[in-house]
Amino acid sequence: MEGAEKLGDAMLSFWAAAAVMTLMVAGILAQAVVRGRNRAAGSRAASDVDVYRAQLDEVDRDVVRGVIDPADAERVHAEIARRLLGADKALQLEKTAGGRAPLSAALVIILVCVAGSVTAYWWLGAPGYGDMALKDRIVFAEEMRRTRPEQAVAEASLPDADLPADIEPRYAELMKQLRATVAARPDDLQGHTLLVQQERRLGNYKAAKQAQHDVIRLKGAGVTSDDLSVLGELQVLAAGGYVSPEAEKNLRAVLSEDPGNGTARYYLGLMLVQTGRPDQAFRIWDTLLRAGPEDAPWIAPILAQIEELAQLAGVRYSIPAIGGADMPGPTADDVANAESMSPAERMEMIGSMVAGLSDRLAREGGPASDWARLISSLGVLGERQRAAAVHANAVDVFAGEKDALEMINAAGRRAGVTD
32 MEGAEKLGDA MLSFWAAAAV MTLMVAGILA QAVVRGRNRA AGSRAASDVD
82 VYRAQLDEVD RDVVRGVIDP ADAERVHAEI ARRLLGADKA LQLEKTAGGR
132 APLSAALVII LVCVAGSVTA YWWLGAPGYG DMALKDRIVF AEEMRRTRPE
182 QAVAEASLPD ADLPADIEPR YAELMKQLRA TVAARPDDLQ GHTLLVQQER
232 RLGNYKAAKQ AQHDVIRLKG AGVTSDDLSV LGELQVLAAG GYVSPEAEKN
282 LRAVLSEDPG NGTARYYLGL MLVQTGRPDQ AFRIWDTLLR AGPEDAPWIA
332 PILAQIEELA QLAGVRYSIP AIGGADMPGP TADDVANAES MSPAERMEMI
382 GSMVAGLSDR LAREGGPASD WARLISSLGV LGERQRAAAV HANAVDVFAG
432 EKDALEMINA AGRRAGVTD
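Residue 171 in the working numbering is what sits at position 140 of the sequence shown, and the numbering runs on without skipping anything.
This is the structure we're talking about:
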């Protein structure tokens, strides 16, 4: 009961504060409209009257100068006089009406602000529900990820694809023959591989995915990470861009053998977007952009989405140089070359590069490799306390990412800030 009373008091305070702020904003807007419309309307009507009178005088002067015929001048004079009468009438009505119309508009603004604010909050907000803490958001995202639909459910929601209507007759006939041949020869690895390529080319991703399953089955122990990468991508495409648990499993199997596989990393980032972890997805995609190359197939879709993703992740972001991940900050070669300098020169050079890397990571974020480089460089400079602070920050940033944490902790050991 006591908790309910406190909640009721909090709700009452919230709505009272919201009502006061809404009325204050609406009042300011209404006041501006009343003043603005009175000034604007009066000056506009009076200005019209002055303009038409000046035009009448100009017509009279043109007749005297012989610029215009008297007959034409009479017609123009009559039209301008008609407009002048209308403008003068409007001016008189404005003087008589005072501020009644603007006052009505002001009342409408107040009503719209109040009703609109309440309606919008009731529809989009959660009355009586507190803000969700970061820890709770992470738990919620993990639950969303754990309970998301399986591959078959996602595929069932999409229509089946077949041969396109505009396909060339000869190509259509060859596809029918290929399908029939592969069906009759289920152990033909080359046939299934060719079928994967052609079904994918036609956009028939479900069939391509199934054919890739057969390729993996036939290869047995000879399956490569590239084979699993193709399967994972086809699973995503067959589900309409959705990363299912089955697709995630295959993509993670790829990364366990090939941590740098761009295709698997891109789609795992997409999965994190879909399950409420834009912070982790941003770091993965930002790393891929910095690593490049520019013609990699995942670069274009990342560029189309990463700025919006950065906003969701709470990062101030500008697109980095694609393929320039290793440019900022001192490398091992930089440090080695600096040994020919005097101690003061060497520390100044390394310090300037460390400062640039530190500023960029604070402003834009970056991949785990850059954080590790910063920690190691601070250790070289003897700034143990600062290296320890950066290490602690990096551990928080990459929490839950095993490979990234291993890299960061290794840098911490080199810098002498971790065991």
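Glycine included, every Cβ here is placed at the ideal spot set by N, Cα and C.
When you compare only the Cα positions, how much space is there between residue i and residue j?
i: Val448; j: His422; result: 8 Å
i: Ala312; j: Thr212; result: 42 Å
i: Trp329; j: Val51; result: 50 Å
i: Val201; j: Lys207; result: Note that residue 201 is Arg in the sequence shown, not Val. The alpha-carbon atoms of Arg201 and Lys207 are separated by roughly 10 Å.
i: Ala352; j: Tyr273; result: 29 Å
i: Leu87; j: Leu116; result: 12 Å
i: Val82; j: Asp100; result: 22 Å
i: Ala242; j: Val184; result: 19 Å
i: Arg347; j: Pro290; result: 27 Å
i: Ala214; j: Leu220; result: 12 Å
i: Gln336; j: Glu110; result: 59 Å
i: Val428; j: Ala331; result: 26 Å
i: Asp390; j: Gly293; result: 27 Å
i: Glu451; j: Arg96; result: Residue 451 lies beyond the range of the chain shown here (32 to 450); nothing can be said about it.
i: Val170; j: Glu204; result: 52 Å
i: Val246; j: Gly387; result: 49 Å
i: Arg92; j: Arg114; result: 19 Å
i: Ala252; j: Asp218; result: 15 Å
i: Asn424; j: Val385; result: 16 Å
i: Ala327; j: Leu142; result: 54 Å
i: Gly397; j: Glu414; result: 21 Å
i: Met175; j: Arg168; result: 10 Å
Please go through the same chain and pick out, in chain order, the residues whose beta-carbon is closer than 7 Å to the beta-carbon of residue i, but skip the five residues on each side of it.
i: Asn235; result: Ala192, Asp193
i: Arg445; result: Ser407, Gly410
i: Tyr160; result: Because the pLDDT of Tyr160 is 48, which lies under 50, any placement of that residue in the model is unreliable, and the question is left without a value.
i: Leu343; result: Pro309
i: Asn440; result: Thr449
i: Ala419; result: Val448
Verify whether the separation of the beta carbon atoms of residue i and residue j is less than 9 Å.
i: Arg283; j: Glu432; result: no
i: Met302; j: Ala269; result: no
i: Ser275; j: Val267; result: yes
i: Ala435; j: Ala399; result: yes
i: Ala238; j: Leu226; result: yes
i: Gly323; j: Gly300; result: no
i: Gly307; j: Ala172; result: yes
i: Trp402; j: Leu392; result: yes
i: Leu209; j: Gln229; result: yes
i: Leu189; j: Arg231; result: no
Keeping to the same chain, check which residues put their C-beta closer than 6 Å to that of residue i; ignore five residues upstream and five downstream.
i: Met358; result: Residue confidence for Met358 is low, a pLDDT of 43 falling below 50, so the modelled location carries little weight and cannot support an answer.
i: Ala295; result: Ser260, Leu282, Val285, Leu286
In its own chain, which residues sit with a C-beta less than 8 Å from the C-beta of residue i, not counting the 5 before and 5 after it?
i: His244; result: Leu262
i: Leu334; result: Leu320, Ile350
i: Leu340; result: Val304, Pro309, Ala312, Phe313, Trp316
i: Met233; result: Sequence check: residue 233 is Leu here, not Met. Cβ within range, chain order: Ala192, Leu194, Pro195, Ile198, Met206.
i: Arg216; result: Gly222
i: Glu338; result: Tyr348, Ile350
i: Lys250; result: Leu220, Asp258
Where do the ends of the alpha helix (DSSP H) carrying residue i lie?
i: Val213; result: 200-215
i: Ala312; result: 309-322
i: Tyr298; result: 293-305
i: Val285; result: 276-288
i: Ala252; result: No alpha helix (DSSP H) contains Ala252, which DSSP labels as neither H nor E.
i: Ser400; result: 399-411
i: Ile99; result: Where Ile99 is concerned, there is no enclosing alpha helix (DSSP H), given that its DSSP letter is neither H nor E.
i: Ile439; result: 433-446
i: Glu181; result: No alpha helix (DSSP H) contains Glu181, which DSSP labels as neither H nor E.
i: Ile330; result: 330-344
i: Arg417; result: 415-428
i: Thr224; result: 220-232
Taking only beta-carbon atoms, is residue i less than 9 Å away from chain C?
i: Ala295; result: No chain C is present in this structure, which holds just one protein chain.
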